[in-house]
Structure formats: C-alpha cells, structure tokens
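Read through the structure below, which is laid out as structure tokens, and then see the notes.
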Amino acid sequence: MSEPTAPTDKVVTRFAPSPTGFLHIGGVRTALFNWLFARHFGGTYLLRIEDTDRARSTQEAIDAILDGLAWMGLSGDEAPVFQFARAARHVKVAQGLLEQGKAYYCYATPEELAEMREVAKAEGRSMRYDGRWRDRDPAEAPHGIPPVIRLKAPQDGETVVQDLIQGEVRVVNAQLDDMVLLRSDGTPTYMLSVVVDDHDMGVTHVIRGDDHLTNTFRQLQLYDALEWRAPQFAHMSLIHGADGAKLSKRHGALGVEAYRDMGFLPEAVFNYLLRLGWSHGDDEIISRDDAIKWFGLDAVGKAAARFDLTKLSSLNAHYLRLADDARLIDLMAPRLTEITGAPLDDAGRARLEKGLAGLKTRAQTLIELADKAAFYVRPRPLVPTDKAARLLAGGADHLRAVAGILADVAEWQAEALESAVRGYVEVSGAKLGEVAQPLRAALTGSTESPGLFEVLEVLGRDESLARIGDALT
RNA sequence: GACCCCAUCGUCUAGAGGCUAGGACACCACCCUUUCAAGGUGGUAACACGGGUUCGAAUCCCGUUGGGGUCGCCA
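The first sequence begins at -9 in the numbering used here and counts up one residue at a time.
Written as structure tokens, this is what we have:
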C-alpha cells in the first residue's frame, strides 16, 4: 500500500518478458514502471528474456520485444540475460535443495495428477498436489518413471507478501502445494528460474503484473528454503480493453509496433501508459524527467484500468505539436511516398517544413498528419475530391478572376496575397467563402486545408498558379 | 467452484473523517473563423448497494452485488 522509506540498497529492477509473442501494451507498461522506479532511485533496470519454453520461444519475438523497448526508450541498462542459458545453474540449485532434504523426487504420473485435479474439482476446491511422494522412501521409486523434483513446502502457517502496491496479502500454506522445481526431463520450471535469476541478478524490486501475485507465495517459499533474502514485490493491476474485459490477443491487445504503425509517437504512449494507474495530482502532460522525479509505487492504483485509444490520440496530438519538424517529416516520408508514388524530394520537403506548423494542429496521428500534408507534395494535376470538384465547377468565374489578380501580386507572401484576394472580394461583391473555397479546391484538391493564404505562400507562385490553371482547364 | 484482489463522472483519475466531490479525455452549446482544425468560454456527467462506527463518512469496519487474477512437469 505504501512505500514507507526509500530503499536502502541500490535499486535493481528488471523486466522479464517471455518471447512467445509480440510485446503487448501491458508489457510495455510493466517495463515502464520498472524503468521509472530504477531511474527514480538512481538504480539499475535490467532485462531478462524468459525463453525457457523452448517450443514457444522464437527469435522473432525476441526481436519484436527488443525493438519495441528500444522504440519506447526502455532498453535495459545492460545486455539482456537469457534465462535458458542459465539452466545449469537452476538445476544446481534444485539439486542443492534435494541434498538438504528441502526438496524431493516425485514420481506421480500425469495420469495421477489429472485424477487429483478431477477430485479437487468435484470437491469444489483448487487443484493441489497431495504430496504423496513427500515423505516416501525413495527406495519405493517405480522403475521407468522419470521423476520431477518438488519443493518440500511448509504445510502449516501462512505465507505473507508485503506488496508495495497491493499491501499485505496473505494465504494459508495449506492452500499451496509442493511446486515442481525440475521437470521430469530435468529442465527447470519458471518458478525456480525466476527466483534464482532474480537473486543472482541482485534484483531488489520485482514489479510485475497482477497475474503473478499468487505465484509470489510460492516464490517466497522458495526464497525461504534457499535462505535467500527475497526482493520487494509490487504487483500492478492489468490493463483491460475498452469494454472492461481483459486485454487479450483477440481483444484489442496489440504489439507496441502496432501503435507505432498507427502513427503514435513513443512519448505519447509513454505519457499515456504512465497515467494509466498512476497519477501525480492533476498533472496530465508529464515529461520523462518529471516522470522520473515524481514516480513512486505508492501512487500506483490497485484497480485495473481500461485502455482508451481516444485519450492516447489526444495525448499524441499534443506531442505531435511539440515534436521537431524534421523528425516528423522523416516519420511521414514512407506514408507520403505511398500516397504520391514517389520518394519525397527536396522541394517537397521544403514545402512540408514551411507548412508543417499549420498542419500539426489538424492531426492526431502521424498517419493523419501525412494524409493532410499530402497535397503539398502531390504531383500535378491534382485529382479533386467530389466535393472539391463541385466547388470548382460552381466557382470557375471567381477562380479565373482571382487567378489574374494573384498573378500580379508582387510579393508572394501570405499577407499580401490575402489583401489581394480580399480586394477582389470587395469589388466583386462576393462573399469571401465564394472565392476562397474554389481557390482552396484548386490548390489542395480538397475542401479542408490549413489557412488558404498560408497554403498559397507555401506552395509558391509558380505551383499555385499552375494548380489554378489545372483546375480551370 | 476454491483462494486472492479490486470498486469516484462514459474513460483515466484527484480525494488519505468535515470539499458546492477537483482535473483530463470524450460529449454538448456558444465565441473566434475563408474550410477543417486549433484556441477561448460555459455546460451535462460519478462516490455500486445495504448495514454499521462517528457529532460527521467517497474516505474506517462488515456484508451484498459486480469485475478481475490464479488454480500446469506455460511463462
């Protein structure tokens, strides 16, 4: 519930994803909180790839995770630790426990376990291994059945977690069973590996998803058996989908790269995720530096939060405006090329640099920004939208007249262009919109755009006049 | 089902016994305006329910309801 005092040891946190799929948004948030906590206390943030499930771990997933973290600026402070590579160490620890009589061989077959499960279900309780080999003489071991090694866990009393987010959570030991440490093929289980690795890596604070809370009791029992000092735990609530259901693969859970591809900036995702379940008074827009300064586990909420793409979008719109123009243009380039069919050239880039400020307030994502910027770099002649075409048809006379006036403007600059057009509007007795809209349609091919005179200036005299000429033919 | 956890506007949240329950996103209205945005102003909107404790509960306790997590030789 609280964080009574600052940690006395040097803080070491870790993010430990298993590479069995993409790095989903919940994982990014876990990484973020670990990173922030370490940074706040001047500690170290480590990465561990939990690749012990050889069948499901893929290099592709490892790359996706590493790339996603890099994109978010959440790469580990040191090279990632690969858990599978440490299997021999894990096995050794299990053997040690066996020698001390704190673990034992269990020959229960999968069939026997399935039976226990059935019985448990029928009796309306959770499945627990009944400890049938716990105190049995190893001499009774059946032939041909490779055993697993189980921890001889305490059967009385209770195990208590002082969770930095959830507060004190306790469970009676009778509720827990003797967990498997080494599988029958001799490989270590997750429970063992995590405990050994966190210990060996000097992890002081385990900040992870709520789904690990019940695992913590077992891990604590292991720490006890090993006589190791357990790290502090902090379990953060999970992110839910917009409808309140758990975010799952078929439920809107996407990899970070999906958000990147949707046109979100990493700083927006950072800010959004930070505020999901954590707050600092009424602050909404929070910089990385302030986040580091302010972050603490005591302000992390216990309730699950729903993922809201709309709010992310609004944050993204904010960061888009703050972002450096050259960077934005680089990020938009691929999309622009897709639209125009040609790589962005220097002339196009120059126009974008000039017109970007006027575009930024009109987009929430990079995709939108590129779409709205496209008219600046599209090759002539422009293909007008249906609405724009109608405007062109109805306003041809005004357009023709204003084209002549524009051609005579000495200084091709927004202010002068505006007074020229307004001058025409006045003498012709038309409304500004009756002149401006056809002009906009000719210049942009659309009925919506940044300010008309800004567009004229950015496009330049030659291009502007040429586009108007195109529209008039 | 068993065990554990959670519960303030539609959403993210502030609130740590006494607030006209605040902010942000979204939404609505108005202003600004050459379009679309942006911006400005104002507005609608919440303490899940029921019991306690207390002079006084969004805040503390119990229960109900609802939601979530876990129950693997996966991680």
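Every residue gets a Cβ at the ideal spot worked out from N, C-alpha and C, and that includes glycine.
From a predicted model like this one, the values you see are computed outputs, not experimental measurements.
- If you ignore the 5 residues before and after L237, its C-beta comes within less than 8 Å of the C-beta of H14, I15, G16, L228, I229, H230, G231, A243, F297, all in its own chain and listed in chain order.
- For Y95, no alpha helix (DSSP H) run applies; the uninterrupted beta strand (DSSP E) run containing it begins and ends at 93 to 96, by DSSP.
- Shown here, Y119 sits in coil according to DSSP, grouped into three states, outside any helix or strand.
- Residue environment analysis places A84 among the buried positions, since at least 16 neighbouring C-beta atoms fall within 10 angstroms of its C-beta.
- With fewer than three CB-CB distances shorter than 8 Å, the region 113 to 124 does not count as touching the region 183 to 200.
- Non-local beta-carbon contacts of M106 in its own chain, meaning distances under 7 Å to residues more than five positions away in sequence, involve M117, Y119, D120 in chain order.
- Under the three-state reduction of DSSP, M322 is assigned to helix.
- Around the Cβ of I135, a 10 Å sphere holds fewer than 16 other Cβ atoms; the residue is exposed.
- Rounded to the nearest angstrom, the gap between the Cα atoms of R380 and A293 is 53 Å.
- Beta-bridge partners of G157 (DSSP): D153.
- Excluding its 5 nearest sequence neighbours in each direction, A323 has C-beta neighbours in its own chain below 7 Å: L334, listed in chain order.
- Only residues of its own chain outside the window of five on either side were considered, and among them none has a CB closer than 8 Å to the CB of S277.
- Under the rule that a run must span 4 or more residues, the alpha helix (DSSP H) segments found entirely inside the region 376 to 456 read 376 to 384, 386 to 397, 404 to 418, 422 to 434, 442 to 449.
- Secondary structure at T204: helix, using DSSP grouped into helix, strand and coil.
- With a 10 Å radius around the Cβ and a threshold of 16 neighbouring Cβ atoms, Q145 comes out exposed.
- CA-to-CA, the gap between S409 and E343 works out to about 25 Å.
- In the three-state reduction of the DSSP assignment, L166 falls in the coil class, being assigned neither a helical nor a strand state.
- Rounded to whole angstroms, M169 and A143 show a C-alpha spacing of 8 Å.
- Of the candidates T204, A224, H225, V184, the residue whose Cα lies closest to the Cα of Y213 is V184.
- Less than 9 Å separates the beta-carbon of A378 from that of S436.
- Rounded to whole angstroms, the Cβ separation of L22 and L264 is 7 Å, and the two are in contact under 8 Å.
- CA-CA distance, L172 to I139, rounds to 5 Å.
- Non-local C-beta neighbours of L356 in its own chain, meaning closer than 8 Å and more than five positions away in sequence, comprise G253, F254, L255, L310, L318, L321, M322, R325, ordered along the chain.
- With the rule of 3 Cβ pairs closer than 8 Å, the region 345 to 360 does not count as touching the region 414 to 426.
- Within 10 angstroms of the beta-carbon of Q49 lie fewer than 16 other beta-carbons, which makes it exposed.
- Beta-carbon to beta-carbon, D187 and V81 are separated by about 13 Å, too far to satisfy the 8 Å threshold.
- Cβ-Cβ distances below 7 Å link L305 to A258, N261, Y262 in the same chain, with the five nearest sequence neighbours on each side left out; the list follows chain order.
- Judged by DSSP secondary structure, M226 falls within the beta strand (DSSP E) whose first and last residues are 222 to 226.
- Between G385 and P428, the C-beta gap is smaller than 9 Å, which places the two residues in contact.
- Taking 9 Å as the cut-off, the Cβ atoms of G345 and W402 do not count as close.
- Between T20 and G147, the C-beta spacing is not below 9 Å.
- Taking 9 Å as the cut-off, the Cβ atoms of R430 and L442 count as close.
- DSSP places V290 in no beta strand (DSSP E); its state is neither H nor E.
- Taking each of A224, M191, L299, D57 in turn and checking the Cα distance to I155, the smallest one comes out for A224.
- In this chain, the alpha helix (DSSP H) harbouring T300 covers 299 to 312.
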